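Trainee: All residue numbers for the sequence shown refer to numbering that gives the first Met the number 0, where the first residue is 0 and numbers rise by one. Got a structure for you, written out below as structure tokens; questions coming shortly.
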Amino acid sequence: MLASLTPAQREAVQHVDGPLLILAGPGSGKTRVVTRRIAHLLAQGIPARQILALTFTNKAADEMRSRVEELAPGQRTWMGTFHRFCARLLREFAPLAGLEENYTIYDTADGLGVVRRAIDELGLDPDYFTPQQVAAAISWAKNNLIPHDQYQPRRGQPLGHIVAQVYRVYQQRLLRSNAVDFDDLLLHVALLLRQNPELRQTLDLRYRYILVDEYQDTNLAQYTIVRAMSIDHPNLAVTGDPDQSIYGWRGASLSNILDFESDFPDVHVVRLERNYRSTRRILRVAAGLIAHNVLRKEKELYTENDEGLPVRLVVHAGQREEAESIAERIAAEVRSGRRRPRDFAVFYRVNALSRELEHALREHGVPYQMVQGVEFYQRQEIKDVLGYLTLLNNPRDDMAFIRVVNRPARGIGKSTLDRLTAHAAAHGQAMLSAAREAGLVAELPARAAVAVARFVAIFDRLRLVAGRPVEEIVGHVLDETDYRRPLQCSQSQEDQERLANIEELLTAARQFDERAPGEGRLEEFLEETCLVNDTDDWEAASDRVTLMTMHAAKGLEFPVVFIIAFEQGLIPHERSQAEPEQIEEERRLLFVGITRAREELHISQARYRDFRGQRKMAVPSEFLRDLPLEEIDRDEAAWTEAAGESASADGFGPHTDDEPVWTPSDESPEKPREVRREGPNPAPVPAARPRLTTAAELAAGQVGATALAPDVYKQGMLVRHPEYGLGKVVALSGSGPRRTATVNFVSGAGQRKFVIEQSRLSKDEG
């Protein structure tokens with residue numbers, strides 16, 4: 000168990016009592032450390048039932064479970080995601096939260112449906128807001144442990160008053176339907192632990208040793224849960240890396256790991272700095288990039304792997320050329336026998352960028368898989384069948400009733416549903432109960448009442464098999480409802496795909512029954528389908544190229560990685576431009592993408608990109624200036640071709656030097672910034688970095704423009720931007736690295752706000 004470990008890994012594995020912080024860099028063998036630590040605890044005589052291991056993906060939990068089983072056969076510790084653990088606790092203690100143990104878990108789409116119904120019930124005018132905005136605000140409140148009766152809108156924010164009203168009705172509807180959303184799983188458990196000291200003590204004693212993987216991605220609710228369960232027995236071991244915290248947009252709080260030593264002053268800290276995955280060149284590029292972040296803990300990443308090939312940076316004329324080049328390169332490698340399709344992965348910032356890649360790979364006959372695990376369970380036919388199962392498990396679930404009552408079509412339209420809804424509300428009933436009284440519903444035509452009664456009869460026949468194995472229940476649903484017949488009779492490709500999806504759901508049910516034999520497991524199956532992660536459908540053994548977002552790539556690795564669309568507005572994403580903290584998260588996301596590569600890393604950008612219906616000249620990513628260029632091999636031919644096309648299109652003559660070049664900067668020395676690092680020595684102040692002039696700036700006539708320190712910019716100053724051209728500063732706020740400028744551009748781009756230090760603005764010298 001210990002022989003093959005490094006001294007640092009052995010130190011982490013052998014630690015038993017007391018808090019432990021494992022700072023694990025990418026590819027440092029942290030899964031090996033976590034699983035061997037569990038096996039070591041078991042070897043010390045600690046009962047398996049007292050060990051709890053929490054992670055963020057089902058695949059990670061499955062991997063840990065199989066490794067522990069090899070090391071300690073027959074010892075069954077509980078391992079799973081936070082949401083599954085909380086779902087398990089909530090079923091055990093459901094009455095304390097006002098629920099029954101057969102509650103339904105609503106996915107994002109179903110939760111949004113409840114928000115829409117709450118807005119309708121309140122008679123609010125959605126012209127000034129969207130249901131998605133309200134749902135996002137409710138999710139934010141729950142992640143920050145603010146229940147509906149404590150939500151206070153911020154002064155001067157009209158949407159906050161809308162949210163306060165909808166949140167209250169939304170939560171009432173959930174409880175009336177005996178349902179929770181994803182955020183409730185965490186919120187309910189966190190509040191139960193906070194409000195019930197005896198329950199907190201019980202769980203603290205039950206799980207005396209808690210291990211949390213990817214701790215940098217925990218939010219306030221998750222932090223509250225593990226903190227509350229580690230008071231009497233503070234044997235909390237967390238593993239993570241601040242440099243890989245990429246879920247701030249979901250509510251993850253980087254401070255949880257940065258402040259762990261403040262929460263547990265007697266913590267033992269272990270650093271895993273040796274990288275077993277990547278070549279030295281790839282690792283140096285990653286380290287050079289992430290060194291520009293401020294909110295981090297210092298690590299000296301190193302590897303004993305080979306030097307490897309330089310990181311390759313290619314510029315293409317457009318995204319079609321980019322996709323064609325990648326597909327052609329992969330196809331050539333596969334044809335030569337040097338690589339298999341599964342050796343390659345292509346990462347992008349948003350899923351919308353995959354279309355050209357898919358087309359190019361198909362044209363070259365290269366098999367591929369797209370990693371979008373949750374999408375299978377969002378397909379209409381799958382949600383329909385699962386809706387029947389959900390209603391069987393929880394007859395109070397109004398959303399499930401509404402989904403399936405007319406699927407397949409049986410003559411029950413909107414007016415019938417509106418009358419059933421009114422009857423249910425008037426009598427304090429669930430809609431299924433109202434349907435049983437269809438003959439008594441006011442103004443409901445006899446024909447509609449008969450159709451509703453027929454649905455109730457189908458449902459009652461299905462209830463007779465509700466306790467059987469899940470595959471059998473799904474089969475009965477398909478037979479009783481005759482759901483497959485219209486699809487079987489159709490000749491359309493779309494309907495045949497739907498039929499294939501239903502067969503795949505039957506396969507999933509069969510596999511579940513094989514893993515969990517016995518009857519009465521429907522509730523557990525539904526929970527499993529609700530808590531699917533992005534990477535759950537990724538097949539590591541499948542011989543296909545993998546296409547995925549950089550977020551989904553977390554925790555995976557590939558011999559060859561392509562990162563596309565290395566352009567401003569995509570990497571980093573345009574939504575991150577307003578806040579330095581968000582830019583740092585985007586830099587961490589790129590760091591994650593880079594460190595997935597074992598042997599080769601290819602980064603590409605386009606001169607022009609069609610995105611969201613518009614063709615725009617693409618500006619190279621600002622992160623280009625953070626990369627150590629001496630480690631990067633630029634494709635000269637592609638660069639020259641792309642830059643030449645751009646120059647011609649813009650009306651400028653050919654350039655003599657179209658590479659990005661380092662030019663002296665007129666900036667004053669950078670203002671010292673506070674860096675969160677541990678140790679007795681103060682953090683060094685980073686030297687001012689020279690400004691990077693790109694081919695885009697050259698083409699836009701930016702040569703000779705002067706970049707100034709943020710505090711030098713004044714209101715009324717004329718400035719230039721490589722994408723928006725000439726503009727005038729109309730407003731300024733803040734100071735130093737956080738100073739922002741609002742610029743009114745004469746090109747028609749209107750007013751735009753920038754964080755000056757990250758904006759690529761420069762003083763106009765003309």
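Where a beta carbon is used, it is the ideal one built from N, C-alpha and C, also for glycine. On a predicted model such as this, the values are computed, not experimentally measured, just so you know.
Skipping 5 residues on each side, what residues in its chain have a beta carbon closer than 7 Å to that of E598?
Mentor: T278, G307, P558 and V559
Trainee: Would you list the one or two residues that DSSP bridges to K58?
Mentor: BP columns for K58 are empty, so no partner.
Trainee: How is the alpha helix (DSSP H) around W77 delimited, first residue to last?
Mentor: That residue, W77, is in no alpha helix (DSSP H); its beta strand (DSSP E) goes W77 to T80.
Trainee: Would you call the CB atoms of I631 and L312 closer than 7 Å?
Mentor: yes
Trainee: Does G250 pass the burial test, meaning 16 or more other C-beta atoms within 10 Å, or should it be called exposed?
Mentor: buried
Trainee: By a C-beta neighbour count over all protein chains shown, 10 Å radius and 16 as the cutoff for buried, is E442 buried or exposed?
Mentor: exposed
Trainee: For L288 and G474, I'd like the C-alpha separation in whole angstroms.
Mentor: 53 Å
Trainee: What residue from D625, I401 and R319 has the CA that sits closest to E362's CA?
Mentor: R319
Trainee: Following the continuous beta strand (DSSP E) through L717, name the residue where it begins and the one where it ends.
Mentor: L717 to H720
Trainee: Am I right that V266 and L20 are in contact with their C-beta atoms under 8 Å? What's the rounded C-beta distance?
Mentor: Between L20 and V266 the Cβ distance is about 5 Å, and since that is below 8 Å, they are a contact.
Trainee: Please identify the residue among L725, S254 and N57 whose C-alpha is closest to the C-alpha of F744.
Mentor: If you compare the alpha carbons of L725, S254 and N57 with that of F744, the shortest gap goes to L725.
Trainee: Sorted by chain position, which residues of the same chain lie with C-beta nearer than 6 Å to L174's C-beta, five sequence neighbours on each side aside?
Mentor: G97
Trainee: Can you give me the Cβ contacts of G247 inside the same chain, cut-off strictly under 8 Å, excluding the 5 residues immediately before and after it?
Mentor: If you ignore the 5 residues before and after G247, its C-beta comes within less than 8 Å of the C-beta of L253, E580, Q581 and E584, all in its own chain and listed in chain order.
Trainee: What whole-angstrom Cβ distance do D240 and G24 have, given they're in contact under 8 Å?
Mentor: 6 Å
Trainee: State the beta-bridge partners of G247 as determined by DSSP.
Mentor: The partner list for G247 (beta bridge, DSSP) is empty, contrary to what the question assumes.
Trainee: Looking at chain E, is there any beta carbon in it that lies within less than 7 Å of the beta carbon of D124?
Mentor: The question asks about chain E, but that chain is absent: this structure has only one protein chain.
Trainee: Which residue comes first and which comes last in the alpha helix (DSSP H) that contains G592?
Mentor: P579 to I593 is the extent of the alpha helix (DSSP H) around G592.
Trainee: Taking the beta carbon of Y102 as the centre, do at least 16 other beta carbons fall within 10 Å, making it buried, or is it exposed?
Mentor: buried
Trainee: Quick check on DSSP: helix, strand or coil for Q604?
Mentor: Residue state for Q604 is assigned as strand, using DSSP reduced to three classes.
Trainee: Going along the chain, which residues of its own chain have a beta-carbon closer than 8 Å to the beta-carbon of C85, five neighbours each way excluded?
Mentor: L184, L185, H187, V188 and I224
Trainee: Short of 7 Å in beta carbon distance, which residues of its chain neighbour A641, apart from the five on each side in sequence? Order them along the chain.
Mentor: A caution first: A641 carries a pLDDT of 42, below 50, which makes its placement in the model too unreliable to give a value.
Trainee: What did DSSP end up calling Q750 once you bin it into helix, strand or coil?
Mentor: strand
Trainee: What is the DSSP secondary structure of L253, counted as helix, strand or coil?
Mentor: coil
Trainee: Can you tell which of P152, R395, L121 and F400 has its C-alpha closest to the C-alpha of V384?
Mentor: F400
Trainee: Between the alpha carbons of A134 and R226, how many angstroms are there, rounded?
Mentor: 28 Å
Trainee: Measuring alpha carbon to alpha carbon, tell me which of G79, R337 and A429 ends up nearest Q171.
Mentor: A429
Trainee: Do you know whose CA, among M616, N274, V451 and R497, lies nearest R595's CA?
Mentor: Measuring from the Cα of R595, the nearest candidate turns out to be N274.
Trainee: Please report the residue range of the beta strand (DSSP E) in which A209 lies.
Mentor: Going by the sequence as given, residue 209 is Ile instead of Ala. Run containing I209: Y208 to V211, per the beta strand (DSSP E) assignment.
Trainee: What I want to know is whether the C-beta of L312 ends up closer than 6 Å to one or more non-hydrogen atoms of the ligand FMN.
Mentor: Looking at this structure, you won't find the ligand FMN or any other ligand, since it has none at all.
Trainee: State the DSSP-derived secondary structure class of G554, mapped to helix, strand or coil.
Mentor: coil
Trainee: Per DSSP, what are the beta-bridge partners of I50 in this structure?
Mentor: Y208.
Trainee: Give the single residue among T217, I230, A220 and D182 whose Cα lies nearest to the Cα of R199.
Mentor: I230
Trainee: Within a Cβ cutoff of 8 Å, which residues of the same chain sit near L123, ignoring the five residues on either side of it in sequence?
Mentor: I161, Q164 and V165
Trainee: Which of the three DSSP states is assigned to P689 in this structure?
Mentor: Bear in mind that the predicted position of P689 carries a pLDDT of just 33, short of 50, making it too unreliable to give a figure here.
Trainee: Rounded to whole angstroms, what is the Cα-Cα separation between Y206 and S432?
Mentor: CA-to-CA, the gap between Y206 and S432 works out to about 41 Å.
Trainee: Give me the DSSP bridge partner(s) of L725.
Mentor: DSSP lists R719 as partners of L725.
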